[in-house]
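For reference, the structure is listed below as structure tokens.
Numbering (our numbering), first residue to last: 2 to 97.
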């Protein structure tokens with residue numbers, strides 16, 4: 002085991018402890034289908050990605066595809082999957 006400068010394990014010296022980091026908030030998945038293929042359902046959850054911009058850390062909402070839960074939530078019909086946008090990290094997307 003390697004020791005850091007103050008005798009702490011080197012693995013713990015690399016950054017803050019897991020308990021000090023913010024826990025990711027779980028968002029409710031939203032499921033979508035297109036008008037042209039309503040039988041093909043895809044589900045996404047919203048997450049926040051930390052980025053460093055102009056000297057500040059900002060959190061950008063991103064969509065992450067997840068397996069369709071059982072039972073699935075109501076399906077939102079959209080013209081195209083490209084129409085889905087994350088909004089604010091709360092799991093809401095604009096289905097227009």
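Ideal Cβ placement from N, Cα and C applies to all residues, glycine included.
Suppose the cutoff is 8 Å on Cβ atoms and the five residues either side in sequence are ignored; what does the same chain contact list for residue i look like?
i, result
"residue 66", "43, 44, 45"
"residue 73", "32, 42, 44"
"residue 35", "41, 78, 79, 80, 81, 82"
"residue 68", "44"
How should residue i be labelled, buried or exposed, when 16 other C-beta atoms within 10 angstroms of its C-beta is the threshold for buried?
i, result
"residue 30", "buried"
"residue 75", "exposed"
"residue 98", "Beyond the ends of the chain as shown, which are 2 and 97, falls residue 98; an answer cannot be given."
"residue 38", "exposed"
"residue 99", "For the chain, the structure presents residues 2 to 97; residue 99 sits outside this window and is missing."
In its own chain, which residues sit with a C-beta less than 6 Å from the C-beta of residue i, not counting the 5 before and 5 after it?
i, result
"residue 61", "50, 52"
Where do the N-terminal and C-terminal ends of the beta strand (DSSP E) with residue i fall, by residue?
i, result
"residue 52", "43–54"
"residue 87", "86–88"
"residue 67", "57–67"
"residue 29", "Element bounds for residue 29: n/a, residue is neither H nor E."
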